[in-house]
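Numbering (the numbering used here), first residue to last: 27 to 180.
Structure first, commentary second.
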């Protein structure tokens, strides 16, 4: 999660929400990295998870990320949760839960939906306070509010 938090810190430099992600292989080596870059790239799909998954697939030369783990500072949205399922990831580790848009157990549970052809194990709440603090500080600064609420984070 430390690597994902490092990625998250880079996102606000371009006005993006501080969410970071890494993909590690079965030996624990980072094979993909990303942080939110929607503003930087003017791309609605440039979420941290999507960029990390693309990077990992490029490193492996395969879209199948079997044996890998996606580590992300914020619970994935529906798009990113779907990408985790489609990439055949066995495991997702997340920091802060997202009760407004989360799709790995909060609002929806796409990654563990029995109707799909693959399910992803979820380990949540890892360094959640640090992840949430980055989001609160970002939104307090950008909305001119106190840091009590993250609002809709994506």
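Beta carbons are placed, not taken as given, at the ideal position from N, Cα and C, and that holds for glycine.
Residues that residue i bridges to, as DSSP identifies them
| i | result |
| --- | --- |
| residue 61 | 46 |
| residue 117 | 95 and 147 |
| residue 31 | Residue 31 pairs with nothing; no bridge assigned. |
| residue 152 | In the DSSP output, where bridge partners are listed per residue, residue 152 has none listed. |
| residue 130 | 135 |
| residue 56 | 50 |
Spatially closest choice to residue i from the options, by CA coordinates
| i | options | result |
| --- | --- | --- |
| residue 166 | 74, 43, 75 and 48 | 43 |
| residue 75 | 61, 67, 156 and 88 | 61 |
| residue 136 | 87, 98, 102 and 158 | 102 |
| residue 93 | 77, 36, 110 and 104 | 110 |
| residue 123 | 87, 151 and 163 | 151 |
| residue 126 | 72, 159, 104 and 164 | 104 |
| residue 164 | 30, 39, 67 and 88 | 39 |
Contact belief for residue i with residue j at Cβ below 8 Å, rounded distance in angstroms
| i | j | result |
| --- | --- | --- |
| residue 130 | residue 120 | 6 Å |
| residue 112 | residue 45 | That pair is no contact at about 20 Å. |
| residue 114 | residue 91 | 6 Å |
| residue 146 | residue 169 | Incorrect: roughly 32 Å between the Cβ atoms, too far for contact. |
| residue 50 | residue 97 | 7 Å |
| residue 77 | residue 157 | Not really, about 17 Å apart at Cβ, beyond 8 Å. |
| residue 153 | residue 27 | 5 Å |
Residue environment, residue i, which counts as buried when at least 16 other CB atoms sit within 10 Å
| i | result |
| --- | --- |
| residue 95 | buried |
| residue 33 | buried |
| residue 141 | exposed |
| residue 24 | In the structure displayed, the chain extends from 27 to 180; residue 24 sits before or after that span and is not available. |
| residue 52 | exposed |
| residue 69 | exposed |
| residue 48 | buried |
| residue 161 | buried |
| residue 87 | exposed |
| residue 41 | exposed |
| residue 128 | buried |
Check whether the region 81-88 and the region 49-59 touch, using three or more Cβ-Cβ pairs below 8 Å as the test. yes
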